[in-house]
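Quick note, the sequences are listed as chains A and B, same order. Going by the working numbering, the first sequence opens with residue 1, and the numbers climb by one from there. Going by the working numbering, the second sequence opens with residue 1, and the numbers climb by one from there.
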Amino acid sequence: MLLIPCPWCGPRDETEFHYGGQAHVAYPGNPAALSDEEWARYLFFRDNPKGAFAERWNHSAGCRRWFNAVRDTADNEIRAVYRTGEPRPVTA
Amino acid sequence: MVDTTTRRSPLAGQAPALAGLPISARELPFLTQLNLRADPDGPAAASIGRALGGTLPVVPSTASRFGEVDVLWLGPDEWLLLAPSGQEEALAATVRRAIGEADGAVTDVSAQRTAVALTGPRVREVLARGCSIDLHPKAAPAGSCVQTLLAQTGVTILVRDETSSDFLLLVRSSFAEYFAAWLIDACAELGE
């Protein structure tokens, strides 16, 4: 089980959290202007890196806040956590 | 006409079973519970704090006690006010007056959860069977208040006094029977 450090509550078991997918996927400025292909790309296409990956988590059994975490997909190490609205920190 | 609106607390049927446990587990039914939302740095939070007689706790996983009202930190802009039974309207009115024209919301959620007072030197040992939070007095001194999972059900644990092992546990009304069954089972392993 992962031990995820919630930016508010501190380290908690993974079972207390809900996964929210890739972080920093901005909603299109003018959705009506998008072609079907661009809309599908926004909805369904996500990065799948081997290494550091910024993703959203919700501490659903605790403070119920969304936050972002940089997780290394190769070794599951959480490199950084930061609150929503903050820029992605530089990680090694 | 028959009165069909008699109040019955979620754990009323479990009281005899809970009374026989090696730890003291007693339901505190019908506590006043108000959910409070406000910007922690805004005028409403400061005004509510003054009305209650202190400042709202802003450190995560802590609680403050003002008179007979406990204020539990639930989130960066969310608190739970816990008071004796029957004070719903009076306390809500006090908080609403304090909020005034500022931004804030207070909601009566008294029926959402029920409270169980857990006391006894072996409470930590029992809770540790279903909860990964470190409740050692050094890690969780009096005034700690954690929201977590206990045997897969969401609970809020308030540490009233760490030296005498005095805890208050809040559990959803619909999960209260399950929690009681789990507690009885967890205590069975303690033996005498």
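Backbone N, C-alpha and C fix where the C-beta goes; we use that ideal spot for every residue, glycine too. All values derive from a computational prediction rather than experimental measurement.
For T156 of chain B, same chain residues with a beta-carbon under 6 Å away, outside a window of 5 residues either side, are Q147 and L170 in chain order.
For I184 of chain B, the three-state secondary structure derived from DSSP is helix. Put simply, the CB of G85 of chain A is far from chain B, with every gap to its CB atoms at 9 Å or more. Per DSSP, the continuous alpha helix (DSSP H) segment holding I48 of chain B begins and ends at P43 to L52. Residues of chain B with a Cβ closer than 7 Å to the Cβ of T15 of chain A are, in chain order, L149.
In chain order, L34, V106 and D108 place their CB closer than 7 Å to the CB of A92 of chain B, counting only its own chain and leaving out the 5 sequence neighbours on each side. Out of B:S174, B:E89, B:R129 and B:V71, the CA that lies nearest to the CA of L168 of chain B is found in B:V71. Membership of T119 of chain B in the beta strand (DSSP E) is indicated by the continuous run R113 to T119. For Y82 of chain A, there is no enclosing alpha helix (DSSP H); the residue is found in the beta strand (DSSP E) stretching over I78 to R83. Beta-carbon to beta-carbon, R88 of chain A and H24 of chain A are separated by about 7 Å, close enough to satisfy the 8 Å threshold.
Within chain A, the residues W8, C63, R64 and R65 have their CB atoms less than 8 Å from the CB of G75 of chain B, given in chain order.
Among the bridge pairs identified by DSSP, G21 of chain A is matched with none.
In the three-state scheme derived from DSSP, where H, G and I count as helix and E and B as strand, E55 of chain A is classed as strand. By the Cβ criterion, the stretch 79-96 of chain B is not in contact with the stretch 65-80 of chain A, since fewer than three pairs of Cβ atoms, one from each stretch, lie closer than 8 Å.
Separation of R50 of chain B and P22 of chain B (C-alpha to C-alpha, rounded to the nearest whole angstrom) is 42 Å. Take A74 of chain A, set aside five residues on each side of it, and the residues of its chain with a beta-carbon closer than 8 Å to its own are K50 and G51, in chain order. Under DSSP, Q87 of chain B forms no beta bridge with any residue.
Here L43 of chain A is exposed. Its C-beta has fewer than 16 other C-beta atoms within 10 Å. Exclusion of the five residues before and after Y178 of chain B leaves T153 as the residues of its chain whose Cβ lies within less than 7 Å of its Cβ.
Chain A has no Cβ within less than 9 Å of the Cβ of E177 of chain B. For C9 of chain A, the closest C-alpha among the options B:A188, B:A180 and B:I133 is that of B:I133. The C-beta of R12 of chain A comes closer than 9 Å to at least one C-beta of chain B.
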